[in-house]
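Down below is the structure, laid out as structure tokens.
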Ligand SMILES: [Fe+2]
């Protein structure tokens, strides 16, 4: 199959109606199982799959062979939203030209309605730390991030959504709470928000605030996507660690319901990065998230 045939029928970037409902983050762990299911004629097996997938370009860029070919087969059947891991929006190194050029080609190839990455920095002096490190919560840092988001939007040629992260320490001089920092970036960059309700919950527990009050201060018109995930309570550290390695707990599902009641239909993604279960088990977990999402829509006062 040629690459032009592979992309036939896919939406062009930004032009398609964005997906709504509950999708899942695509992971290599269940790629074989998913491809088998796509080839099967069992309608029930296909119906259990999510309506769309979230894909991290860094897991597919700069490599050839089975993994990127498998993604092509998934994208032939499902809408794909891209979610980056290492743009380092809050970093001080200039963007890597080769990375940005390849990312631009990737997001357009798969017709993503926007590209998201984290409101954090993840490297310095050309070194990528593979971690999502918090920025100082002050006006200078927010303006710096906003300038970088605008540059990314220009270089990718599509809207950017920034994601609120979970963090365990606060860095540098701080002159505003996290939610004001996020809102300042959104306003100054005029960009979208990927609202991770699990990250809000984790930070609320670790830093002591009300997660609903945090979300209530967000302009819901900026929210284009929502994340949910599982985490781990470590009593010895008196901290919740955002492992993405467990089922989503009920308080986070309740927070999703509360958020959807205010937002309405949106693209929700279930993230799972550690202890990834079988596809069937993950799809059962997706159904729980779907029920929380549907409950939010049912509670919506002004649909
Ligand atoms: Fe997330």
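Numbering (the working numbering), first residue to last: 61 to 363.
Ideal Cβ placement from N, Cα and C applies to all residues, glycine included.
Predicted model, so just to flag it, every value in this text is computed and none were measured.
Notebook entry, point to check: Secondary structure at residue 347, three-state DSSP: helix, strand or coil?
Noted result: helix
Margin query: Quick check on the burial criterion: 16 or more other C-beta atoms within 10 angstroms. Buried or exposed for residue 229?
Written below: exposed
Notebook entry, point to check: Which residues bound the beta strand (DSSP E) around residue 256?
Noted result: 252-256
Notebook entry, point to check: Below 8 Å between beta carbons: does that hold for residue 317 and residue 265?
Noted result: no
Next item on the list: Say yes only if the C-beta of residue 256 is nearer than 7 Å to one or more non-hydrogen atoms of ligand 1, and no if none qualify.
Entry: yes
Next item on the list: Could you tell me whether the stretch 120-131 touches the stretch 180-192, where touching means 3 or more Cβ pairs closer than 8 Å?
Entry: no
Item checked: Whole beta strand (DSSP E) elements within the stretch 71-109, 3-residue minimum -> 81-85
Item checked: Environment of residue 106 [buried if 16+ CB atoms lie within 10 Å] -> exposed
Checklist line | Between the CA atoms of residue 124 and residue 252 - distance to the nearest angstrom | finding: 32 Å
Checklist line | heavy atom of ligand 1 below 7 Å from residue 289 C-beta | finding: yes
Check: Quick one: Cα of residue 202 to Cα of residue 219, how far?
Finding: 18 Å
Checklist line | Rounded separation between residue 352 and residue 342 - CA only | finding: 16 Å
Checklist line | As assigned by DSSP and simplified to three states, the class of residue 149 | finding: coil
Next item on the list: Identify every run of the alpha helix (DSSP H) within the stretch 224-299, keeping only runs that are complete inside it and at least 4 residues long; order them along the chain.
Entry: 238-249, 257-267 and 271-276
Next item on the list: Let me know if residue 311 comes out buried or exposed under the rule of 16 or more other beta-carbons within 10 Å of its beta-carbon.
Entry: exposed
Item checked: beta strand (DSSP E) segment containing residue 331, residue limits -> Unbroken run through residue 331: none, as it is neither H nor E.
Margin query: So for residue 318, helix, strand or coil by DSSP?
Written below: helix
Note to self: I need the straight-line Cα distance from residue 114 to residue 179, nearest angstrom please.
What the structure shows: 18 Å
Notebook entry, point to check: Could you give the residue range of the alpha helix (DSSP H) that holds residue 131?
Noted result: 126-137
Note to self: Once DSSP output is grouped into helix, strand and coil, what is the label at residue 165?
What the structure shows: helix
Next item on the list: Note down the Cα distance separating residue 330 from residue 157, rounded to an integer number of angstroms.
Entry: 31 Å
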